[in-house]
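Numbering (our numbering), first residue to last: 593 to 829.
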């Protein structure tokens, strides 16, 4: 199987050898702008107060710099992530007068409502390679239940390395034409020029299997129905 992923804003092309699989990489990381403010009080109590006020505590860290404690509006952070993606390059404007090129290194979420708790921004250089986790986006499985297929996503993210502005926002995998027994490995994906996966090529990303449990349940249901039909007949005798 050979998969070719083209560059910026271009669709994935496939040379089909076994099954008709389509994959595409989302457009390369765009740049969003986030306004952040310095926070002097880093205590747990102060952080809770910030969250009640609609802010998220965070930090800026990077090479040859001391970590800076900051706060960012939760709605602004969420809006930018929704628009540009988790792996995007962001321009941080600190206190209205200092600019930093950053990527989101980590976001802590609450367990119940998945609200943002804390964010770490990694200062990067657009001329130096960096590492990022690129989300895997699966589409085309809407009829899997009807087809009695089970999709197993083995990896939610694929770690990659490359220049920040070249890192894609996501890797999309269309599984519409896959069947039971089909698999997709890292080696099946050719990443954009300059982007290399930080995984072994034999790492499994997606696998498709037959829903045997569903089939067994259907058979048992059929047997129960047959028993119910037979019982009245025996009573009549």
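Quick reminder that beta carbons are idealized off the backbone N, C-alpha and C, glycines included.
In this text, all values refer to a predicted model and were calculated from it rather than measured experimentally.
For residue 738, no alpha helix (DSSP H) encloses it, and the DSSP letter there is neither H nor E. Of the candidates 712, 734, 744, the residue whose Cα lies closest to the Cα of residue 659 is 712.
With fewer than 16 neighbouring CB atoms inside 10 Å of its own CB, residue 703 falls in the exposed class. When rounded, the separation of the alpha-carbon atoms in residue 737 and residue 724 is 33 angstroms. Residue pairing by DSSP places residue 752 opposite 724, 789 in a beta bridge.
Judged by DSSP in its simplified three-state form, residue 683 adopts strand. Minimum Cα-Cα distance from residue 802 among the listed residues 795, 750, 774 corresponds to 774.
Per DSSP, residue 673 is one residue of the alpha helix (DSSP H) stretching across 666 to 676. Under the three-state reduction of DSSP output, residue 758 falls in the helix class. One alpha carbon belongs to residue 767, the other to residue 717, and they sit about 36 angstroms apart. Put simply, of 772, 692, 693 the residue whose alpha carbon is nearest the alpha carbon of residue 744 is 772.
Take residue 779, set aside five residues on each side of it, and the residues of its chain with a beta-carbon closer than 7 angstroms to its own are 793, 794, in chain order. Counting the other CB atoms within 10 Å of its CB gives residue 707 a total below 16, which places it among the exposed residues. Distance from the CA of residue 714 to the CA of residue 640, rounded to the nearest whole angstrom, comes to 23 angstroms. CA-CA distance, residue 675 to residue 635, rounds to 31 angstroms. Short of 8 angstroms from the beta carbon of residue 646, and not among the five residues preceding or following it, lie these beta carbons of its own chain, in chain order: 665, 666, 667. In this structure residue 630 is in contact with residue 687, their Cβ atoms being roughly 6 angstroms apart against a cut-off of 8 angstroms.
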